[in-house]
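In the numbering used here, the protein residues as written are 1 to 171.
Down below is the structure, laid out as structure tokens.
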């Protein structure tokens, strides 16, 4: 088993401290911590950079021992995308390597599938922070190379698969 990179230790330490702050201050500190973590893309271990050719890969990097948050690397092969989703919890994303496209949606007033309202190109170093139940989006790798993003979710590691994404139907 490989050792935990110092950059990941520092990221987890900063996010752990940030969880005790007021919501706006927490968002700012988590985003600043991700900015530092994505500034030098060489530290992520090789086994956490592996793509899955069937769907985007999710690698748990760190689960806070007290359950306040989890840090994951998501590896996106060419052409892969997430379903349209929001988050039950706060979520911060930093593009670690490559380029991703974030398609933004809003809820349809009639209760049908969300409506696309914009697109943002996210390159290495791009950051975002969403409070719970605010944003709806789809993340896609429309580039010609593998892309990696770091995601921090405000849930314990054992709840990442069930406590993060709020999935929406497509038209």
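Each residue gets a CB set at the ideal place from its N, CA and C atoms; glycine is no exception.
Nothing here was measured: the structure is a model prediction, and the numbers come from that model.
Check	Outcome
Can you tell me where the alpha helix (DSSP H) with residue 38 in it begins and where it stops?	23–39
Quick one, which of 103, 70, 126 and 99 has its alpha-carbon nearest residue 117's?	103
Applying the criterion that 16 or more other CB atoms from any shown protein chain within 10 Å of the CB defines a buried residue, is residue 85 buried or exposed?	buried
Looking only at its own chain, which residues have a Cβ that is under 7 Å from the Cβ of residue 58, when we skip the five neighbours before and after it?	72 and 74
Any contact between the stretch 116–135 and the stretch 75–83? By contact I mean 3 or more CB pairs, one from each, below 8 Å.	no
Look at the alpha carbon of residue 122 and the alpha carbon of residue 38, and state the distance between them as a whole number of angstroms.	12 Å
Taking C-alpha atoms, which residue in 9, 6, 16 and 5 lies nearest to residue 156?	16
Per DSSP, which residues does residue 58 bridge with? Please list them.	74
Run through DSSP, which three-state label would residue 162 get?	helix
With DSSP as the reference, label residue 15 as helix, strand or coil.	helix
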